[in-house]
Amino acid sequence: MFRRTKVIDGTATGQVGIKKKSSVPGVMITQYIEELPEGKSHPDFTRKPIALTIQEGKFAFFKAIVIGDPQPTVTWDRNNGDVSDTSRYQTKYDPNTNEHTFEMPNVMPDQADTYKCFAKNEYGQAIVTVVLNVIAVGFKKNKAQPEPAEAPGGNFKSVLKRRSKILPASEQPERKEGEIDPKFWEILISSDKKDYESICAEFGVTDFRWMLKTLNEMKKEREEEQAEFVSSLSNLRHIRVNSDNTASFELDMDLIEPSTSLYLYKDGVMVPYTKELGDSMKHSLKLVGKKYIFSVRDLMPDDAGLYQLDVGDVNVFSTDFKVPPVDFLVKIQEVKATEREDAVFECVLSNPFSKILWFGKNLPLEQGDKYDIQVSEDKLIHKLVVKDCLIVDKGIYSACAGIKSCNAWLVVEADKDAQKGKKAARKTTRAGGSGMDLQKVAQEQQTKLAKDREERKEQIKAASVAPPPAPTAAEPEATKELSDVSEPAAVVEVATAEPRITGKLSDICVLRGNPAELTVEMSMDCSGTWFKDGEPLNSGAGVTTTKSGTRHKLRIQSCKDDDSGVYRFVSGDQSTQAKVTVGGAPEFDPDDLYKFSKPVIIRVGQNAAFKMPFPPQGNLEVRWFRDGTEIKDGGGVKIAREPNHSRLLLRDCLRTDAGEIKIQLKNPFGAMEATSRLIVLDRPGPPEGPVETVETTSSLIEIKWSPPKDDGGSAVTNYIIERQQAGQALWTKLGDVSADKTSIRDRNVTHGKKYSYRICAQNPEGLSDALETADSIMAGIMILSGPPGAPAVVSASKTCINLTWTPPEDDRGVPIIGYQLEKRKKDTNLWIALNALNEPIEDVKYAVKEVTEGAEYEFRVSAINESGAGDPSPPSAMACAKNPNMRPCFKDPEDFIVVRAGNSARVKVCYEGEPPPQITWLKDDEPISPWINVINTEGTSQLVIPSSKRSDSAIYTIKAKNSMGEASFDIEVRVTDEPKAPGPVELEQSVTGKVVVSWAPSPDQELDDRLYYVVSQRDSATRSWKNVADRLFANTHTVNNILPGVQYHFRIFAKNDMGLSDPSQSPTWGANSNRVPIPSKGLKSSGVSFERPPSILVPLKVHAPPKGYQLYMTCAVRGCPTPTVSWYLDDVCINFDKDYYITNSFGVCSIYILRVRSKDSGVYKVVAVNSFGQAQCSTKLAVRD
């Protein structure tokens, strides 16, 4: 959360200034009021202007997108200057994209400044600043910069203080003998150690020890300066020529501040560069991650020089670009090779070159297994051998020598002789070559170079012994005259007697067919001669020469192309000359002019292109205009000029770009213009409002509107009208009308209903934005219902107040569709609606649940019809939200509860009573023991016995007592366990077909009066058990239908509320009971007994699972008879706890917990019991958080 700070500056009286934070960095927002009204907002920028560095004369612009309600007003300003000059500053707004544009055509250096954009409305303002840097053409590093304005604090550092040690050639001072060029150190700092020797040899440095010492000191100083702007600098690659006639150098650099300015210099002169791909500027920068790549395109010899890159005011890299005087005498030729054959490219240079660059498919090639690069001894012949050509090797290969390059195709054809499916054999032949005798060409060039060297030596030798230059012809005569004259006065007299030219000739351009006149003014009357292109010129053939005193004239009556030339006037040793150029005004071809005059029709967002051909001419100026304003290159405008045509491209056109487009050709002889028109099509603007209500009745609503101001470039065809009924979200189409009609009648209306309308204009490009009615329009006159009866309180509680009321006596003829109920809290004046008008209460009763316990309320109700809510009823009596006084009572309690011994017993009883009653628990009419817990909550009381025993079985009584009375309730709690098995079973037959089954009672019979017995029977005929008696409270039972010859078995179970006991087995009764024993003939047999006490085969393991995880514990138990297994947690039996899933499969006892909780921690114990004894094992479970 941001702290809001109040300020007092920049706000009007009565306003506050609250600084707000924008989602866009760098935007400063001031809010004028504490709380904004609903739906309103202060201004903010969703897109702020971006800082711009641009070359002088280009088109500069800033763009911004502003939001806010109401719509903010946007203005622009600059720190040091005025922006009111519309010829230099233009502001535009595009309503479709909501973009505000600030344009500066033909930007000049004095416009470099910090600019501000202000967005204001009645609730606040937003400000953002942006910097414009302008690079002056020909700007030099050593050029003196103007002193910056002193800051209020006086602590500004000097800006633009950088001076390069490398000065432009025109400003370099004359170096003293033995002084080292500063260029040497700049190159050396950025070079590898392996290049030190060659650089020293180039600049004539021989003291390497001194050089290394000085270089280390300079490097240390330079690295300290760089550390202010650069955090890392590596992978410096010096400038080199690429295959696409460009040169580039690159480096990896990590700037501390990414916005730090980068400057590029060539020989000390700053050069502009662009960061945009495809730009026409010569120098460009490409940034890939941390790699900066500077490129120079369209290489020329004058591109050679020292290139330096500065970051801020520190140099980080210097590289020397040398362009050797070399060209290709023989260029490489196209090679057609068969697969697995070698291909040879050959070329011959005009000057020896130790190594040229070879490229294959724009990638540099090096000597290796695939490529063989060869150079002749005279270094004029260079070869590239592509070994073992494959299909993938085909493509364009190029050779680069200095800034010159040539390229040719390598075409690789499949070997037709190779067997299908097998790789072709390697061939020993070579394809390609130049087809010329390269040795002969190289020998001739070598001879020519040797001859040129000898000629230069002779010229140097002749220049060294040549005599001083002889005086001109005029000088001896002057000398002679001066020698013959003895008096100085005579010298002056001779000098003044010579004629002089006081009005010289000047170059003129004459339109073909017009007269031309050349005039020379002399200082005295004298004769003279006219010359044209060195030939004497006399009067005749349309040319006349005249003399009038000291004025000499040459007149051409009707100029023709042959009259163009250099005209010279000579009088004595005085002469003057001028060039006469005869030509015609620019002209357009009639067919081209007709094509250009056709309008260009596009849609919004598309590009518009204009092209105008014209005959090639010298000194031709081409200018483009839109609605009389000149169009400059830059931004979304691209102007291309070729010798025979000019193109204009307008990118991403808007409706505001539409208008008259004109091209003007101008030369010294005149001007010519051609006009076209740009039509930008778009969907129309919204119809003009407001929507007027012409007529409204109970069955009709008529509205009208005005056509849109902007038809989108094509005529509106029709209007589409939609309608929405008040209280509904759905808009339905009402219909459409033609463009010449701007009104509609809606006859499908209901009296008293309100409707909203919206109108859209349509043209072939689509629908406009909608014009909506400001307020809903009612059909007919509003008729509201009378007031209902005052609400009556039926009942009240702390959570709800039930109300009822009577309908209004006078509904004024309009049916009532429902009611709106309002409440008012005591001691307040605010009525709060409990339901919206579009959600009426349809009944005349309502339960108000939006109440606070103990608070008092009054209520009123209004009847709602189609026109809205009518007059409210009189308020109800005050009603308090509290429960009424009542005698305590219990809600559906249970009177009998059975609990297994060892488990916790919980007796929960719900009650009602006001005021809240006092709760008391008794056990058999005696106070309960202290270790029994009683938990009382609102409306509920709970008795908890933590670990119950049989002795806890009793009648528990709950008593509730308050001022209104007393109530009590008895609950029998039976604490028991699974019963023990009955005693031995005896069978006796007193009557044929009947057997009396008797058994000893279960040991639990005396402890549990609800215990009874179950008798099961199985015979040899069916071999399945079935119950023959249930709920026997005696210890005998007579079984009927006993058949002879059939064996019978009986089992006796004891059963109580916990379940069945283990069975007691009876002896066999039936077929073999009277069997005669077989004598053993003296042999004695001994029976084998498998009975044994329980034992633990696999004990429990320790577990420590995280909270919320599942848990599975298991152990293995054996014994005969099968033991009964019980699980305990902290000595409390959990066999019947629903939170645990317990199984016993053939002695493998398992417990499963779906999600362990903290309360599941403890000691778990397994107890196995049978008639021969018991066994147990335990483990500890620790649940981790």
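Per my numbering, residue 2 is the first one in the sequence shown, and the count goes up by one each step.
The beta-carbon is built from N, C-alpha and C at its ideal position, and this holds for glycine as well.
Bear in mind the structure is a predicted one, so any value in this text is a computation, not a measurement.
Coil, strand or helix - residue i by DSSP
i     : result
C201  : helix
D828  : coil
E443  : Reading off the sequence, residue 443 comes out as Ala, not Glu. The answer is helix: DSSP assigns A443 an H, G or I state.
I664  : strand
W211  : helix
T1023 : coil
T76   : strand
E459  : helix
K892  : coil
D299  : coil
S1159 : helix
W186  : helix
K220  : helix
Cβ neighbours of residue i in the same chain (closer than 6 Å, five flanking residues each side left out)
i     : result
V1133 : G903 and S948
E854  : K799 and A882
T547  : K554
K93   : T102
A727  : K755 and S777
W531  : L538, T546, L555 and F570
Y1049 : D1020, W1070 and G1071
M779  : K755
DSSP beta-bridge partners of residue i
i    : result
F970 : I959
A880 : Y858
Y758 : R724
R241 : S249
E522 : G504 and R552
Inter-residue spacing [alpha-carbon to alpha-carbon] between residue i and residue j
i     : j     : result
T697  : I721  : 20 Å
L1008 : A1035 : 15 Å
E643  : R624  : 13 Å
P917  : K960  : 13 Å
G1192 : M525  : Residue 1192 cannot be examined here, being either before or after the span of the chain that is shown, 2 to 1186.
V992  : P1124 : 39 Å
D86   : V289  : 41 Å
G155  : S355  : For G155, the predicted model reports a pLDDT of 37, less than 50, meaning its position is unreliable; a value from the coordinates is still stated below. Between G155 and S355, the C-alpha separation is close to 60 Å.
V135  : D78   : 17 Å
V65   : F46   : It should be noted that the sequence gives Ala, not Val, for residue 65. Approximately 7 Å, taken between the alpha carbons.
K826  : A837  : 19 Å
Y1129 : V1157 : 16 Å
F295  : L649  : 29 Å
I240  : S249  : 5 Å
E258  : V231  : 8 Å
G541  : P587  : 30 Å
K184  : K220  : 15 Å
K1027 : L1101 : 38 Å
C890  : E967  : 8 Å
C390  : S435  : 18 Å
Contacts around residue i, its chain only, beta-carbon distance under 7 Å, and the 5 residues preceding and following it disregarded
i     : result
I1189 : In the structure displayed, the chain extends from 2 to 1186; residue 1189 sits before or after that span and is not available.
A463  : none
F1091 : C1121
Cβ contact check for the stretch 400 to 412 and the stretch 295 to 311: 3 or more pairs under 8 Å: Between the stretch 400 to 412 and the stretch 295 to 311, the count of C-beta pairs closer than 8 Å reaches three or more; the two stretches touch.
Specify whether the stretch 656 to 664 and the stretch 742 to 749 touch according to this definition: at least 3 beta carbon pairs, one from each stretch, less than 8 Å apart. no
Is it true that the stretch 342 to 357 meets the stretch 443 to 450, where meeting means three or more beta-carbon pairs spaced less than 8 Å apart? yes
On the three-pair Cβ rule with 8 Å, is the stretch 807 to 816 touching the stretch 778 to 794? yes
Could you tell me whether the stretch 989 to 1002 touches the stretch 1042 to 1059, where touching means 3 or more Cβ pairs closer than 8 Å? Cβ pair count under 8 Å is three or more, so yes.
Touching or not, the stretch 412 to 429 and the stretch 318 to 330, by the rule of three or more beta carbon pairs under 8 Å? Not touching, per the Cβ criterion.
Is it the case that the stretch 213 to 228 contacts the stretch 243 to 254, given that we only count it when at least three CB pairs across the two stretches are under 8 Å? no
Quick one: any contact between the stretch 682 to 692 and the stretch 754 to 769, if contact means 3 or more CB pairs under 8 Å? yes
Would the stretch 599 to 607 and the stretch 671 to 679 be scored as touching if the rule is three or more Cβ pairs under 8 Å? yes
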